[in-house]
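Please read the structure below before turning to the comments.
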Ligand SMILES: C[S@@+](CC[C@H](N)C(=O)[O-])C[C@H]1O[C@@H](n2cnc3c(N)ncnc32)[C@H](O)[C@@H]1O
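In the numbering used here, the protein residues as written are 990 to 1247.
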């Protein structure tokens, strides 16, 4: 399982000189702003080799307040107004799934507060098969008491089983969250979504890679739906056909949308 405590920010990436030999398994690979990945790069050493993946797939429950505030304050109210049948959300580089379950807990709670039937489904995809296996299990090390605030502990208590050493996602979460292997450099075919989250991923890619990914995500966004894109460069944003939304950092609608 991904180490819930570590994060890419804490990982000491070292620069890869332009003339360096191709990276071998276990080499520390520079990426993000210093040496971003291109569309054609082999992702396996960055995201699949377990020695790199400990850092590059790091995630944790309730990691990102911004996403949860966006769901509760902006995205779900817009979905309720839209009269769409189903609230469908997708986390595009979900690693071991904590982000998906966290979003699902927020959404289920908001459906209840609004006294609405939870017509809701959450999808998580990643290129790392081991992380997708962990996501499907939905069992994680118990977070430390101060890992997140009381409101999130209350949700966890409600929708998961909190044991002395582990937390186990409950039936309602397991039934509404699905996980599969998928490379977001490809365009998804079968489904469309009202909310798409790409969090702590885009910063690994160069501008062309980011543009390709954003076009793929926009292609499956419901009209009036929202994108949460963290790590987008200004260069990419300038011609991505997106507008900032709801005054929430990283939240966007398409220029053609609302
Ligand atoms: C740092 S983790 C972020 C996990 C989660 N989104 C979060 O913010 O906590 C980045 C994840 O993106 C995945 N990833 C990177 N490139 C991808 C791609 N092209 N398609 C799907 N997943 C990708 C990696 O395997 C890794 O698990």
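The beta carbon of each residue, even a glycine, is placed where N, CA and C say it ideally should be. Every value quoted in this text rests on a predicted model; they were computed, and no experiment measured them.
Check your understanding: To the nearest angstrom, how far is it from the Cα of residue 1132 to the Cα of residue 1157?
Key -> Numbered from its first residue, the chain shown carries residue 1132 at position 143. Numbered from its first residue, the chain shown carries residue 1157 at position 168. Rounded to the nearest angstrom, the gap between the Cα atoms of residue 1132 and residue 1157 is 12 Å.
Just checking residue 1083 against ligand 1 - is the residue's beta carbon closer than 7 Å to any of the ligand's heavy atoms?
One-based indexing of the chain shown puts residue 1083 at position 94. Yes, the beta carbon of residue 1083 sits closer than 7 Å to at least one heavy atom of ligand 1.
Any 3 or more C-beta pairs closer than 8 Å across the stretch 1144–1152 and the stretch 1111–1124: Put simply, the stretch 1144–1152 does not touch the stretch 1111–1124. Fewer than three CB pairs are less than 8 Å apart.
Buried or exposed: which applies to residue 1117, given that a residue is buried once 16 or more other Cβ atoms fall within 10 Å of its Cβ?
Within the chain shown, residue 1117 is the residue found at index 128, counting from 1. So residue 1117 counts as buried.
Check your understanding: Are residue 1065 and residue 1101 closer than 8 Å when you measure CB to CB?
Key -> As a position in the chain shown, residue 1065 is number 76, starting the count at 1. As a position in the chain shown, residue 1101 is number 112, starting the count at 1. Residue 1101 sits away from residue 1065, with the two beta carbons spaced by 8 Å or more.
I'd like to know if the stretch 1188–1201 and the stretch 1217–1226 are in contact, where contact means that at least 3 CB-CB pairs between them fall below 8 Å. As far as the Cβ criterion goes, the stretch 1188–1201 touches the stretch 1217–1226, which means the pair count is three or higher.
task = Check whether the Cβ of residue 1032 sits closer than 7 Å to any heavy atom of ligand 1, and report yes or no.
result = Position 43 of the chain shown, counted from the start, is the residue given in the question as residue 1032. Indeed, a heavy atom of ligand 1 lies less than 7 Å from the Cβ.
| said: Let's test the definition: count the other Cβ atoms within 10 Å of the Cβ of residue 1029 and tell me whether it reaches 16, buried, or not, exposed. | reply: The residue given as residue 1029 occupies position 40 in the chain shown. Exposed: under 16 other Cβ atoms inside 10 Å.
Is it true that the stretch 1170–1189 meets the stretch 1066–1082, where meeting means three or more beta-carbon pairs spaced less than 8 Å apart?
Yes, the stretch 1170–1189 touches the stretch 1066–1082.
Query raised in the report: CB-CB under 6 Å to residue 1094, same chain, minus the five flanking residues each way: which ones, in chain order?
Result: For the purposes of this step, residue 1094 is identified with residue 105 of the chain shown, where counting begins at 1. Closer than 6 Å at Cβ, skipping near neighbours: 1144, 1148.
Would the beta-carbon of residue 1124 fall within 8 Å of that of residue 1077?
Translated into the one-based positions of the chain shown, residue 1124 becomes position 135. Translated into the one-based positions of the chain shown, residue 1077 becomes position 88. Not a contact, by the Cβ cut-off of 8 Å.
- Would you call residue 1053 buried or exposed, if buried means 16 or more other Cβ atoms sit within 10 Å of its Cβ? Counting from 1 along the chain shown, the entry for residue 1053 is found at position 64. Classified as buried, residue 1053 has 16 or more neighbouring CB atoms from the shown chains inside 10 Å of its CB.
Inset, instruction - Using the DSSP secondary-structure output, state which residues sit across from residue 1233 in a beta bridge. - result: Residue numbering aside, residue 1233 sits at position 244 when the chain shown is read from its first letter. Looking at the DSSP assignment, residue 1233 forms a beta bridge with 1241.
- Query: Between residue 1203 and residue 1043, what straight-line distance do the alpha-carbon atoms span, to the nearest angstrom?
  - Reply: As a first step, residue 1203 must be located in the chain shown, where it is residue number 214. As a first step, residue 1043 must be located in the chain shown, where it is residue number 54. Just so you know, the alpha carbons of residue 1203 and residue 1043 end up roughly 26 Å apart.
Inter-residue spacing [alpha-carbon to alpha-carbon] between residue 1081 and residue 1173: Counting from one through the chain shown, the residue named residue 1081 turns up at place 92. Counting from one through the chain shown, the residue named residue 1173 turns up at place 184. The alpha-carbon separation between residue 1081 and residue 1173 amounts to approximately 7 Å.
Starting from residue 1152, trace the beta strand (DSSP E) both ways and give me its first and last residue. Looking up residue 1152 in the chain shown gives position 163. Looking at the DSSP string, residue 1152 is not in any beta strand (DSSP E), and its letter there is neither H nor E.
**Message:** Closer than 7 Å to a non-hydrogen atom of ligand 1 - does that hold for the CB of residue 1223?
**Reply:** Taking the chain shown and counting its residues from 1, the one referred to as residue 1223 is at position 234. Judged by the Cβ position, residue 1223 fails to qualify as a neighbour of ligand 1 at the 7 Å threshold, every heavy atom of the ligand being at least this far.
Quiz item: Can you tell me whether residue 1127 is buried or exposed, with buried defined as 16 or more other CB within 10 angstroms of its CB?
Solution: In the chain shown, residue 1127 corresponds to position 138, counting from 1. Residue 1127 should be labelled buried.
Flag this pair as yes or no: are the beta carbons of residue 1096 and residue 1060 separated by less than 8 Å?
-> Locating residue 1096 in the chain shown gives position 107, where the first residue counts as 1. Locating residue 1060 in the chain shown gives position 71, where the first residue counts as 1. Against a cut-off of 8 Å, the Cβ pair of residue 1060 and residue 1096 comes out as a contact.
Output yes or no for whether 8 Å exceeds the beta carbon distance between residue 1235 and residue 1244. Within the chain shown, numbered from 1, the residue matching residue 1235 stands at position 246. Within the chain shown, numbered from 1, the residue matching residue 1244 stands at position 255. No, they are not a contact pair.
Checklist entry - Comparing alpha-carbon positions, which option in 1242, 1225, 1238, 1195 lies nearest residue 1207? => result As a working mapping, residue 1207 is identified with position 218 in the chain shown. Cα-wise, what sits closest to residue 1207 is 1242.
Quiz item: Exposed or buried, residue 1018, counting other C-beta atoms within 10 Å across all chains shown (16 or more means buried)?
Solution: Counted from its first residue, the chain shown places residue 1018 at position 29. Below a pLDDT of 50, predicted positions are generally treated as unreliable, and residue 1018, at 42, falls in that range; no measurement from the model is reported.
Buried or exposed, going by whether 16 or more other CB atoms sit within 10 Å of the CB of residue 1170? For this step, residue 1170 is matched to residue 181 along the chain shown. The Cβ neighbour count for residue 1170, taken over all protein chains shown within 10 Å, is under 16; the residue is labelled exposed.
- [ ] Please name the residue or residues paired with residue 1114 in a DSSP beta bridge.
- [x] Taking the chain shown and counting its residues from 1, one reaches residue 1114 at position 125. Partner(s): 1169.
Can you name, in chain order, every residue of its own chain whose Cβ lies under 6 Å from the Cβ of residue 1089, other than the five neighbours on each side? As a working mapping, residue 1089 is identified with position 100 in the chain shown. Excluding sequence neighbours, residue 1089 sits near 1080, 1083, 1111, 1113, 1166.
Starting from residue 1128, trace the beta strand (DSSP E) in both directions and tell me its first and last residue. Locating residue 1128 in the chain shown gives position 139, where the first residue counts as 1. Residue 1128 -> beta strand (DSSP E) spans 1128–1130.
Would you mind sorting residue 1194 into buried or exposed? The rule is 16 or more other CB atoms within 10 Å of its CB.
-> Within the chain shown, numbered from 1, the residue matching residue 1194 stands at position 205. The residue in question, residue 1194, is buried, as its Cβ has 16 or more Cβ neighbours within 10 Å.
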